[in-house]
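Peer 1: Got a structure for you, written out below as structure tokens; questions coming shortly.
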Amino acid sequence: MSEPCAFDAVIVGAGIAGLTSAVRLAELGLRVGVLEKGEHEKYPCNSRMTGGAFHVAFRDVNDDQNVLLDAMEKRSRGFARPELLHAMAGDIGNAVRWLKSKGVKFIKVGHEAHRQHTLAPPILLQGRTYWEGRGGDVMLRTLGGALKDLGGTLLLGARAVRLNMQGDRCVGLEMEHQGARVPVRADSVVLCDGGFQANRELLKEFITAAPEKVKQRGAATGNGDGLRMAREAGAQLVGMNRFYGHVLAQDAMHNDDLWPFPIMDFVCTAGVVIDASARRFVDEGLGGVYLTNSIAGLPDPLAATVVFDAAIWEGPGREFISPANPLLVSRGGTLLAAPDLAGLAGQLGVPAAALEETVAQYNAAIDAGATARLAPPRTPATHKPHPIRTPPFHAIRLCAGMTYTMGGIAIDGKSRVLNAADEPIASLYAAGCATGGLEGGEFIAYIGGLTKSSVTALRAANAIAAGRAKT
Ligand SMILES: Cc1cc2nc3c(=O)[nH]c(=O)nc-3n(C[C@H](O)[C@H](O)[C@H](O)COP(=O)(O)OP(=O)(O)OC[C@H]3O[C@@H](n4cnc5c(N)ncnc54)[C@H](O)[C@@H]3O)c2cc1C
1 MSEPCAFDAV
11 IVGAGIAGLT
21 SAVRLAELGL
31 RVGVLEKGEH
41 EKYPCNSRMT
51 GGAFHVAFRD
61 VNDDQNVLLD
71 AMEKRSRGFA
81 RPELLHAMAG
91 DIGNAVRWLK
101 SKGVKFIKVG
111 HEAHRQHTLA
121 PPILLQGRTY
131 WEGRGGDVML
141 RTLGGALKDL
151 GGTLLLGARA
161 VRLNMQGDRC
171 VGLEMEHQGA
181 RVPVRADSVV
191 LCDGGFQANR
201 ELLKEFITAA
211 PEKVKQRGAA
221 TGNGDGLRMA
231 REAGAQLVGM
241 NRFYGHVLAQ
251 DAMHNDDLWP
261 FPIMDFVCTA
271 GVVIDASARR
281 FVDEGLGGVY
291 LTNSIAGLPD
301 PLAATVVFDA
311 AIWEGPGREF
321 ISPANPLLVS
331 RGGTLLAAPD
341 LAGLAGQLGV
351 PAAALEETVA
361 QYNAAIDAGA
371 TARLAPPRTP
381 ATHKPHPIRT
391 PPFHAIRLCA
401 GMTYTMGGIA
411 IDGKSRVLNA
421 ADEPIASLYA
431 AGCATGGLEG
441 GEFIAYIGGL
451 TKSSVTALRA
461 ANAIAAGRAK
471 T
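Spelled out as structure tokens, the structure:
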């Protein structure tokens, strides 16, 4: 770039969060620049590869605010910052209407509440380019077009590397662009770089002892640049130890046909998940996202296996839009089978007596309606435990599929970045999966990546514009 770069607001990252903030700011009359490190028109990011379901804790975005609040609070169990919960419940309906007004298209997929607003057209459920020309891809192009029409700038191949601070105020940043370090002046900066899931050092610091044994279940473009820059500027980080993801067959580590789908969650929440000693180590009833985090947290994240029987394979195994049965096997994944548990233990290389004991205790607890007394307990409420009795017995070796990190830069209800004293850092904002404080916590509350991103992004834009109107 020859001329110096200066904007009213500069946005880091052109996923849904970045483009939403940018389009809203441009619509409100600000000069906006979006920096995107991806170089090509179809730069990869999670928003492009998304499944596209806009929901709030699996409720429809048009549900009553109190219903949404209640659904989020039930999942969060006291973890989330209340002002973020209120922002989500209060704004999501308008956020979806605003996206529609910019040309983003939604479609109902089936009857479940969380699929009533799915980006159109829905993704294909197979192939490496399952996203091409589908919901997320189309949405990004639509928002990118809207930004251009409003006079905003989207700069590809531009990686933000450092914030420029003047005292306690953010006054722009430095980017790497076309091999040079370029200063960018801006009255406000919005960090929307999508999380730190692809940064092995940060994953090791906060989430897993062996990041190389966790499968990236997404674009793997979130390197935590925003988080690092914000941290250097004194930002508070929150909820760093949790991530959103699904349980995958371990073969997904080397077979690209096995991620992001099919997921193994429904087999796992019906049967038992064991470690290398053939013992249960996690409450399977807490769901797929919880299980995925627990698997990543093992000293060896590739040591987890799900054990189940023919009845589970033919029942819960066939649940979900892209079911484990038959897709695991038809896409080249490994389904172990044996007429008895000792035979299965032999194939897995785990102690047979321990596996038989684990399954016997589990079956007896189901019969007695006492799975909560197992160690670890097995919550029966949301995901019904199924006995493991009908041969052939099956096992699938598992891995944790990581989609995006739930924790990150602490923000308030206006998406202002907070310092350690919980005070906003002047002119610095963050939105989307770069932020923390809404999702995660002890029970690993998943609220919704797309809804979180659109609400926090619009909040950032509105706060920036309101701040300028006052000065
Ligand atoms: C397979 C899959 C299925 C999913 N399904 C759903 C679903 O059904 N419902 C749902 O709610 N969520 C879903 N998600 C999650 C959802 O897509 C994400 O939560 C959301 O898209 C995140 O948006 P974002 O803008 O925060 O981040 P991203 O979309 O990841 O965008 C961040 C951008 O920042 C850029 N960037 C990073 N660092 C820099 C830097 N230093 N300088 C400049 N640019 C930078 C990246 O290249 C990237 O383009 C799914 C995700 C995947 C992968």
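Residue numbers (the working numbering): 1 to 471. Ideal Cβ positions, reconstructed from N, Cα and C, are used throughout, including at glycine. From a predicted model like this one, the values you see are computed outputs, not experimental measurements.
Let's test the definition: count the other Cβ atoms within 10 Å of the Cβ of E442 and tell me whether it reaches 16, buried, or not, exposed.
Peer 2: With fewer than 16 Cβ atoms within 10 Å of its Cβ, E442 is classed as exposed.
Peer 1: Pick out the complete alpha helix (DSSP H) segments inside the stretch 407-465, 4 residues or longer, and give them in chain order.
Peer 2: Counting only runs of 4 or more, we get nothing.
Peer 1: Look up G127 in the DSSP assignment and give the residues it is bridged to.
Peer 2: G127 pairs with nothing; no bridge assigned.
Peer 1: Where does G51 fall in DSSP's three states?
Peer 2: G51: coil per DSSP, three-state reduction.
Peer 1: Have a look at N46 and A220 and give me their C-alpha separation to the nearest angstrom.
Peer 2: The alpha-carbon atoms of N46 and A220 are separated by roughly 8 angstroms.
Peer 1: Is F7 near A230, with beta carbons less than 9 angstroms apart?
Peer 2: Going by C-beta atoms, F7 is not nearer than 9 angstroms to A230.
Peer 1: Output the distance between the C-alpha atoms of S330 and N255, rounded to the nearest integer angstrom.
Peer 2: Whole-angstrom Cα-Cα distance: 12 angstroms.
Peer 1: Is there contact here, the stretch 33-41 with the stretch 102-121, by at least three beta-carbon pairs under 8 angstroms?
Peer 2: Not touching, per the Cβ criterion.
Peer 1: Who are the Cβ neighbours of C170 in its own chain at under 6 angstroms, not counting the five residues just before and after it?
Peer 2: Once the five neighbours on either side are set aside, the close Cβ partners of C170 are L163, V189, S427 and L428.
Peer 1: How would you write the range of the alpha helix (DSSP H) that Y362 sits in, first residue to last?
Peer 2: Segment A352 to D367, the alpha helix (DSSP H) holding Y362.
Peer 1: So, for E356: in the same chain, excluding its five sequence neighbours on each side, which residues have a beta-carbon less than 6 angstroms away from its beta-carbon?
Peer 2: Within the same chain, E356 has close Cβ partners L341.
Peer 1: Could you give the DSSP three-state label for M1: helix, strand or coil?
Peer 2: Interpretation of M1 is limited by its pLDDT of 49, a score under 50 that renders its predicted location unreliable; no figure is taken from the coordinates.
Peer 1: In terms of DSSP beta bridges, what is S188 paired with?
Peer 2: A9.
Peer 1: By how many angstroms is the C-alpha of M175 removed from the C-alpha of A324?
Peer 2: Roughly 43 angstroms separates the two Cα atoms.
Peer 1: Taking T403 and F196 to be in contact with their CB atoms under 8 angstroms, please state how far apart those CB atoms are, rounded to whole angstroms.
Peer 2: The pair is not a contact, with the Cβ atoms about 13 angstroms apart (cut-off 8 angstroms).
Peer 1: Residues in the same chain with beta-carbon distance under 7 angstroms from L302, minus the five sequence neighbours each way, listed in chain order, please.
Peer 2: So the qualifying residues of the chain are K213, Q250 and C399.
Peer 1: Quick check: the stretch 450-462 against the stretch 410-419, are there 3 or more CB pairs under 8 angstroms?
Peer 2: Output reads yes: the stretch 410-419 touches the stretch 450-462.
Peer 1: Hey, how far is the Cα of V12 from the Cα of R279?
Peer 2: When rounded, the distance between both Cα atoms is 45 angstroms.
Peer 1: Could you give the distance in angstroms between the alpha-carbon of G467 and the alpha-carbon of A57?
Peer 2: Distance between the alpha carbons of G467 and A57: 31 angstroms.
Peer 1: Determine, using beta-carbon pairs with one atom in the stretch 387-398 and one in the stretch 303-313, whether at least three such pairs fall under 8 angstroms.
Peer 2: Touching, yes, given that three or more Cβ pairs across the two stretches are closer than 8 angstroms.
Peer 1: Run the CB neighbour count on K470, radius 10 Å, all protein chains shown included, and call it buried at 16 or more, exposed below.
Peer 2: The residue is exposed, with fewer than 16 neighbouring Cβ atoms inside 10 Å.
Peer 1: Taking 8 angstroms as the cut-off, is the C-beta of E205 nearer than that to any heavy atom in ligand 1?
Peer 2: Outside the cutoff, so no.
Peer 1: Let me know the beta strand (DSSP E) ranges lying completely inside the stretch 302-351, each 3 residues or longer, listed in chain order.
Peer 2: If we require 3 residues or more, the beta strand (DSSP E) runs fully inside the stretch 302-351 come out as 305-309 and 336-338.
Peer 1: Taking the continuous beta strand (DSSP E) assigned at F266, which residues delimit it?
Peer 2: Taken as a continuous stretch (DSSP letters only), F266 belongs to no beta strand (DSSP E), being part of the alpha helix (DSSP H) at D265 to C268.
Peer 1: Based on DSSP bridge pairs, tell me the residues matched to N164.
Peer 2: Partner(s): G172.
Peer 1: With 16 as the cutoff for other CB atoms within 10 Å, does Q166 come out buried or exposed?
Peer 2: Under this definition Q166 is an exposed residue.
Peer 1: May I ask whether a heavy atom of ligand 1 can be found less than 8 angstroms away from the beta carbon of Y429?
Peer 2: No; taking the cut-off as 8 angstroms, the Cβ of Y429 has no heavy atom of ligand 1 nearer than that.
Peer 1: Which residues in the same chain have their Cβ closer than 6 angstroms to the Cβ of N223, if we skip the five residues on either side of it in sequence?
Peer 2: Excluding sequence neighbours, N223 sits near A198 and N199.
Peer 1: What residues in its chain sit with their C-beta under 7 angstroms from that of E27, if we drop five residues either side in the sequence?
Peer 2: Around E27: L150.
Peer 1: Please return the same chain residues whose Cβ sits closer than 7 angstroms to the Cβ of P392, not counting the five positions on each side in sequence.
Peer 2: These residues qualify, in order along the chain: A310, A337, A338 and P339.
Peer 1: Tell me C399's beta-bridge partners as DSSP assigns them.
Peer 2: Per DSSP, L248.
Peer 1: Please report how far the alpha carbon of A210 lies from the alpha carbon of E201, in whole angstroms.
Peer 2: For A210 and E201, the distance between alpha carbons rounds to 10 angstroms.
Peer 1: Can you look up D300 in the DSSP assignment and give me helix, strand or coil?
Peer 2: Coil, per DSSP.
Peer 1: Report the residue from N66, A410, G18 and T50 whose alpha carbon sits nearest the alpha carbon of G239.
Peer 2: Comparing Cα positions, the closest option is A410.
Peer 1: Could you tell me if D422 is buried or exposed, where buried requires 16 or more neighbouring beta carbons within 10 angstroms of its beta carbon?
Peer 2: Classification of D422: exposed, given that the 10 Å Cβ count is below 16.
Peer 1: Can the beta-carbon of T358 be found less than 9 angstroms from the beta-carbon of T371?
Peer 2: Cβ atoms of T358 and T371: not closer than 9 angstroms.
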